[in-house]
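In what follows, a single structure is set out as structure tokens and then discussed.
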Amino acid sequence: MGFFRHAGAYRGPRRRFDSLTMRLVAALGNPGKEFTETRHNAGWRALDRFCTLWPGGEVSWTMDKKRKAAVARVSDDRGDVLLAKPQTFMNLSGEAVGALASFYKISPHDVILVHDDIDILLGTARLSVDSGPAGHHGVESVIAHLGTKKFPRIRIGIKPPPEVPLGPGAAFVVGRFRQEEEALLAPVIDRVAKALVPLLLGRIEETRKTLAGEG
Numbered sequence: 496m497g498f499f500r501h502a503g504a505y506r507g508p509r510r511r512f513d514s515l516t517m518r519l520v521a522a523l524g525n526p527g528k529e530f531t532e533t534r535h536n537a538g539w540r541a542l543d544r545f546c547t548l549w550p551g552g553e554v555s556w557t558m559d560k561k562r563k564a565a566v567a568r569v570s571d572d573r574g575d576v577l578l579a580k581p582q583t584f585m586n587l588s589g590e591a592v593g594a595l596a597s598f599y600k601i602s603p604h605d606v607i608l609v610h611d612d613i614d615i616l617l618g619t620a621r622l623s624v625d626s627g628p629a630g631h632h633g634v635e636s637v638i639a640h641l642g643t644k645k646f647p648r649i650r651i652g653i654k655p656p657p658e659v660p661l662g663p664g665a666a667f668v669v670g671r672f673r674q675e676e677e678a679l680l681a682p683v684i685d686r687v688a689k690a691l692v693p694l695l696l697g698r699i700e701e702t703r704k705t706l707a708g709e710g
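Shown next as structure tokens:
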């Protein structure tokens, strides 16, 4: 049996799905068309790509206004997976992630974050487990609301090469990728999307190899 069993339109809050283990994949970013192609929204792009890997058709998204997130659902052999894009803006991401985890009784250990990282070189991505936010305010917010840092995170590098001036960090992360950056980003987004499959099944080493392009 393949990874995915089905995906369904999310039809509003249900405290439980008919599943073995409920997991949450939350991609961090900023809402609004003006932020769609920005560096801070690399996580959203990876989650969108992940959705295209599901062979059964289009994954349907809806807005959970109470928990401040766009949400969708897919299932695998371990149960249901709730996909989420917090709509709180980056620095308050924990409000949405914490609310979703609380409502659906999802353990923090079953939460996966996908986000950009200015400390990692563009063209690469890393898996971190049980590590601090390293200055990323969105991650900081999630850790604060979950009460732990013991959950996996896929960090998508957006740091430019040394010869390219970084400029002010706040302005850089909400800036758009240049054409030459997009060429480096595209294969990484694809690897991140594929790496979520083994990560959801708890296969850490396979996840790392996929992120490194070794899978």
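In case it helps, the numbering used here puts the sequence shown at residues 496 to 710. Even for Gly, the Cβ is constructed at its ideal location relative to N, Cα and C.
What do you reckon, are the CB atoms on residue i and residue j nearer than 9 Å?
i           : j           : result
residue 520 : residue 609 : yes
residue 614 : residue 537 : no
residue 577 : residue 689 : no
residue 616 : residue 581 : no
residue 641 : residue 545 : no
residue 585 : residue 523 : yes
residue 567 : residue 557 : yes
residue 696 : residue 573 : yes
residue 564 : residue 595 : yes
residue 634 : residue 699 : no
Am I right that residue i and residue j are in contact with their C-beta atoms under 8 Å? What's the rounded C-beta distance?
i           : j           : result
residue 672 : residue 680 : 6 Å
residue 607 : residue 647 : 5 Å
residue 517 : residue 571 : Not confirmed; about 11 Å, so no contact.
residue 654 : residue 626 : With 8 Å as the limit, residue 654 and residue 626 do not qualify as a contact, their Cβ atoms being about 17 Å apart.
Go to residue i, then tell me how far its beta strand (DSSP E) extends in each direction, as first and last residue.
i           : result
residue 518 : 518-522
residue 570 : 564-571
residue 557 : 557-559
residue 577 : 574-581
Can you name the start and end residues of the alpha helix (DSSP H) that residue i belongs to?
i           : result
residue 699 : 699-706
residue 542 : 537-547
residue 588 : 588-598
Check whether the Cβ of residue i lies closer than 9 Å to any Cβ atom in chain C.
i           : result
residue 630 : No chain C is present in this structure, which holds just one protein chain.
Unbroken stretches of the alpha helix (DSSP H), 4 residues or longer, contained in the region 606-692: Qualifying alpha helix (DSSP H) stretches, in chain order: 632-641, 664-668.
The region 597-608 in contact with the region 663-679 per 3-pair CB rule at 8 Å: Put simply, the region 597-608 does not touch the region 663-679. Fewer than three CB pairs are less than 8 Å apart.
Three or more C-beta pairs below 8 Å linking the region 586-594 and the region 526-534: The region 526-534 and the region 586-594 do not touch, with fewer than three beta-carbon pairs separated by less than 8 Å.
Cβ contact (3+ pairs, closer than 8 Å) linking the region 640-657 and the region 620-628: Yes: the two stretches touch, three or more of their Cβ pairs being nearer than 8 Å.
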